[in-house]
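Data block below; observations after.
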Amino acid sequence: MSANNFTGTNPSGANHPTTTHTTTTSTTSTAGTHGANAGEGLKGMFAKGHGIGESIRGNINSAIDGFTGDSASMAKNEQVARGGEQEFQTGNFVKKGTMDKAL
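Numbering (the numbering used here), first residue to last: 94 to 196.
Written out as structure tokens, the structure is:
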């Protein structure tokens, strides 16, 4: 928020008293707030889309691991699927700050 104050004096002749005018203006910018909200909304949409993909990938790979009998990989892929479901529900990435979101 910024305020601009202007105080001016109007000197008038000998027959008129001196008049002082004060004007105050105030402005508030919400463009930064709207931009941040839009960015968070867009990030949430990407997180949901990523979550759907991770859930599908984790479930398919877990099923394949179940057929092959690889229980360690099956557990890892079930965790990937749960992480994807959580991303979809919350709109937040499960592992923040990493390039590889896969668990």
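Glycine included, C-beta positions come from ideal geometry on N, C-alpha and C.
Item, Value
"Going straight from the alpha carbon of Ala174 to that of Ala156, what length do you get?", "11 Å"
"Mark Asn130 as exposed unless 16 or more other C-beta atoms lie within 10 angstroms of its C-beta, in which case mark it buried.", "exposed"
"Using a Cβ cut-off of 8 Å (strictly closer), state whether Ala140 contacts chain B.", "Considering every chain present, this structure includes no chain B. It has just one protein chain."
"In chain order, what residues of the same chain have a beta carbon less than 7 Å from the beta carbon of Ala140, not counting five sequence neighbours either side?", "Glu180, Gly184, Asn185, Phe186"
"What does a CB cutoff of less than 7 Å around Glu178 pick up in its chain, not counting 5 residues either side in sequence?", "Gly144, Ser148"
"Helix or strand or just coil, what does DSSP make of Lys188?", "coil"
"Counting along the chain, where does the alpha helix (DSSP H) carrying Gly176 start and finish?", "164–183"
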